[in-house]
Amino acid sequence: MTTLRQIHSHVLRSNTLPSFFKAFALFQIVGFCALSSSGDIKHARAVFNKLKNPDIFSWNSMIRGCSLIQNPSNEPIYLYYKLIKRGYPNPNSYTLAFVLKACAIILAFKEGWQIHSHVYKFGLDSSPFVQTALVNFYAKCEDIGNARRMFDEIPERNLIAWSTMISGYARIGFVNEALSLFREMQKEGIKPDEVTMVSVISACSSSGALDLGRWVHAFIDKHIIKVDLELTTALINMYARCGCIEKSRELFDAMPKKDTKAWSSMIVGLAIHGLAEDALDVFSKMLEANVKPNQITFIGVLSACAHRGLVTQGQNYWSNMIGYGIEPLMEHYGCMVDILCRAGRIEEAYEFVETMPISPNAIIWRTLLMGCKKKGMLEKGEIVAKRLFELEPVNAENYVLLSNMYAANSMWEKVSWVRKKMKDSGIKALPGCSSVEIGGFVHEFVVGDRSHPEAKEIREVLQDIAERVRQAGHDPWTSVVLHDVGDEEKEGALCEHSERLAIAYGLLKTKSPVVIRVAKNLRVCPDCHEVTKIISKVYEREIIVRDRVRFHRFVDGACSCKDYW
DNA sequence: CTAGGGTTAG
Numbered sequence: 001m002t003t004l005r006q007i008h009s010h011v012l013r014s015n016t017l018p019s020f021f022k023a024f025a026l027f028q029i030v031g032f033c034a035l036s037s038s039g040d041i042k043h044a045r046a047v048f049n050k051l052k053n054p055d056i057f058s059w060n061s062m063i064r065g066c067s068l069i070q071n072p073s074n075e076p077i078y079l080y081y082k083l084i085k086r087g088y089p090n091p092n093s094y095t096l097a098f099v100l101k102a103c104a105i106i107l108a109f110k111e112g113w114q115i116h117s118h119v120y121k122f123g124l125d126s127s128p129f130v131q132t133a134l135v136n137f138y139a140k141c142e143d144i145g146n147a148r149r150m151f152d153e154i155p156e157r158n159l160i161a162w163s164t165m166i167s168g169y170a171r172i173g174f175v176n177e178a179l180s181l182f183r184e185m186q187k188e189g190i191k192p193d194e195v196t197m198v199s200v201i202s203a204c205s206s207s208g209a210l211d212l213g214r215w216v217h218a219f220i221d222k223h224i225i226k227v228d229l230e231l232t233t234a235l236i237n238m239y240a241r242c243g244c245i246e247k248s249r250e251l252f253d254a255m256p257k258k259d260t261k262a263w264s265s266m267i268v269g270l271a272i273h274g275l276a277e278d279a280l281d282v283f284s285k286m287l288e289a290n291v292k293p294n295q296i297t298f299i300g301v302l303s304a305c306a307h308r309g310l311v312t313q314g315q316n317y318w319s320n321m322i323g324y325g326i327e328p329l330m331e332h333y334g335c336m337v338d339i340l341c342r343a344g345r346i347e348e349a350y351e352f353v354e355t356m357p358i359s360p361n362a363i364i365w366r367t368l369l370m371g372c373k374k375k376g377m378l379e380k381g382e383i384v385a386k387r388l389f390e391l392e393p394v395n396a397e398n399y400v401l402l403s404n405m406y407a408a409n410s411m412w413e414k415v416s417w418v419r420k421k422m423k424d425s426g427i428k429a430l431p432g433c434s435s436v437e438i439g440g441f442v443h444e445f446v447v448g449d450r451s452h453p454e455a456k457e458i459r460e461v462l463q464d465i466a467e468r469v470r471q472a473g474h475d476p477w478t479s480v481v482l483h484d485v486g487d488e489e490k491e492g493a494l495c496e497h498s499e500r501l502a503i504a505y506g507l508l509k510t511k512s513p514v515v516i517r518v519a520k521n522l523r524v525c526p527d528c529h530e531v532t533k534i535i536s537k538v539y540e541r542e543i544i545v546r547d548r549v550r551f552h553r554f555v556d557g558a559c560s561c562k563d564y565w
């Protein structure tokens, strides 16, 4: 950068350079400075501001440069508006692509929407770069409908356009859409590269689809796609989230170079498997390797501590994190609350939440409420519940949690009071939704959905499960009543519990381990946990369940997640 | 000077 500055001052002093060359040199310096790390955007800005009549190249470089720094603001959009207001020079396809990317990075939906109309105004809608930038912008803002619309309007879709759309679907968990697009792309004769495969693998991780992930991995090998740092990280994450931590480790150990994200991925993966010692060991190796941990690394480290009940260590890591100058996020506070709650130190946890410098979110209060429930601290629980309901008055899960706290203490009047309150406010328990992966396709089951073409066969399996679980001395349906439906629907609910439906379908359709993902609004409840253990034993099948918060691997009547309750 | 990629609590 020093050299660049010297060149820059030389250019300014020089009178021998022809003016067009001077402009070109200036533009290059602006571009290079802007593209370099955040420290030098200041220099780029200074150079840019000195230009009397910056040409479109300079504007473009400046817009691009300040969207690529570490913590981008709305500066690129501001610059763009300044350019438009001035009326000259006219923005070109580069300008629009850059500013749309900036909108995608900072999720400036309104602005991007407006700039979208400029695309037609300036007649740039035929530029593949602008088209792809639009798809990317809508996808990043999670307006997948518009992203798809833009994608469909592209007459000649190249590899980048396809990859953008696939990544858009993968990011928001539209697994089947991502994968069918991937197949469609190949049908059109477009060869995927390593960037495409990262998105495809990510789709597999978020669905917990191990078979699918393995298939995609084989595809990568077969088509000799370069497995670079990003793709390896995606694979590590996929194997960890799909239950194959051994494979995850294997890939990680074989990596020639590991950056912060790769290390973090491994640490988080071990943490969700309850392998706290390994996670912490990997963390210290990361430090030995002189790789700087980031916020996400510490989420992994702290959650590993929580899973193992390592209070003092957790607190030490917390101070280490502060020492690194990493500002704690909501997630980190959440981990600390979890650590204290699991150790039964509810008062301390409450104190911690009360003194947080940022306003605690619902997850934090819920963690605390779960702690109160576990410890039977009713009064504290009620105080916490009050705060929770202020933040999330319509989340059925909170009502269920509070009612369970009362039920655990046989306070039936209060239980029915909570139920009445729920009914009066018109809040219904959200339907549970679970998915199971079979033969490369993810099948979703929603509570109460009987439209499945194989409903009859599934029902038979369910009845078989019920029979065998009963023989093992457990009531097969207690969890159904507690969890998914009201008591009046007990009979009808036998076939509707989404997790059980997914397991039954998995047992029916595949011989490999049954991989279930319990979606967003559900957690595996204690009863289900017990029943699934029994199923794994009596059917001699491995069942992998990933709920919203944790990872369970059921083999021969036991669960890997020993610390769960 | 253009467009697409990996890690995020309960």
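Residue 419 in UniProt numbering sits at position 419 of the first sequence, with consecutive numbering throughout.
Beta carbons are placed, not taken as given, at the ideal position from N, Cα and C, and that holds for glycine.
Express the C-alpha separation of residue j and residue i in angstroms, rounding to a whole number.
i      : j      : result
Gly168 : Gly189 : 21 Å
Leu235 : Ala44  : 38 Å
Met321 : Val175 : 35 Å
Lys537 : Gly112 : 54 Å
Tyr88  : Ile106 : 26 Å
Ile84  : Phe122 : 11 Å
Cys372 : Ile346 : 7 Å
Lys52  : Glu194 : 43 Å
Arg366 : Asn294 : 26 Å
Lys222 : Leu179 : 18 Å
Ala504 : Pro453 : 14 Å
Lys380 : Glu351 : 11 Å
Val518 : Arg553 : 13 Å
Thr532 : Asp338 : 25 Å
His387 : Pro357 : Looking at the sequence itself, residue 387 is Arg, so the reference to His does not match. One C-alpha to the other measures close to 17 Å.
Leu369 : Ala385 : 7 Å
Val353 : Asp259 : 33 Å
Val268 : Asn398 : 27 Å
Ser359 : Met330 : 9 Å
Pro155 : Ala455 : 42 Å
Lys261 : Lys509 : 36 Å
Asp424 : Glu327 : 42 Å
Cys204 : Ser512 : 17 Å
Leu68  : Lys101 : 9 Å
Ile220 : Gln186 : 13 Å
Lys82  : Pro91  : 11 Å
Could you round the C-beta distance between residue i and residue j to whole angstroms and report it? I think they count as a contact, below 8 Å.
i      : j      : result
Pro76  : Ile63  : 5 Å
Val447 : Val514 : About 19 Å; that fails the 8 Å criterion.
Leu231 : Met197 : 6 Å
Ala161 : Thr132 : 5 Å
Excluding the 5 residues preceding and the 5 following residue i in the sequence, name in chain order all residues of the same chain whose CB lies nearer than 7 Å to its CB.
i      : result
Arg470 : Pro476
Cys244 : Leu210
Phe48  : Val30, Pro54, Ser58, Met62
Val555 : Ser536, Glu542
Asn74  : Ile106, Ala108
Ser163 : Val195, Thr196, Ser199
His474 : Glu530, Val531, Ile534
His217 : Leu235
Per DSSP, which one or two residues make a beta bridge with residue i?
i      : result
Ile516 : Val436, Val545
Val555 : Ala558
Glu444 : Ser435
Report all residues from its chain with a CB closer than 6 Å to the CB of residue i; omit the five preceding and five following residues, and keep chain order.
i      : result
Ala558 : none
Trp263 : Met286, Val291
Glu540 : none
Val415 : Ser403, Tyr406, Ala407
Between the options, which has its C-alpha nearest residue i's C-alpha?
i      : options                        : result
Gly439 : Glu153, Thr95, Gly213, Ile166  : Gly213
Cys341 : Tyr324, Gly309, Ile326         : Gly309
Met238 : Val119, Asp253, Leu251, Ile201 : Ile201
Ser248 : Glu457, Asp143, Val282, Pro128 : Val282
Lys375 : Asp253, Cys103, Asn409, Asn90  : Asn409
Ala429 : Val227, Val442, Pro393         : Pro393
His332 : Gln463, Ala343, Trp318         : Trp318
Gln313 : Ala289, Ile296, Glu277         : Glu277
Pro192 : Asn158, Gly325, Glu177, Trp215 : Asn158
His497 : Ser434, Ser451, Gly334, Ile69  : Ser434
Ser265 : Leu501, Leu275, Lys257, Phe252 : Phe252
Cys335 : Asn361, Phe389, Gly325         : Asn361
Between residue i and the rest of its own chain, which residues show a CB-CB distance below 8 Å, the 5 nearest in sequence each way excluded?
i      : result
Ala271 : Ala279, Gly300, Val301, Ser303, Ala304, His307
Met165 : Val135, Ala139, Ala147, Arg148, Phe151, Leu181
Ser93  : Leu124, Ser127, Phe129, Val130
Ser206 : Ala170, Gly173, Val175, Arg241
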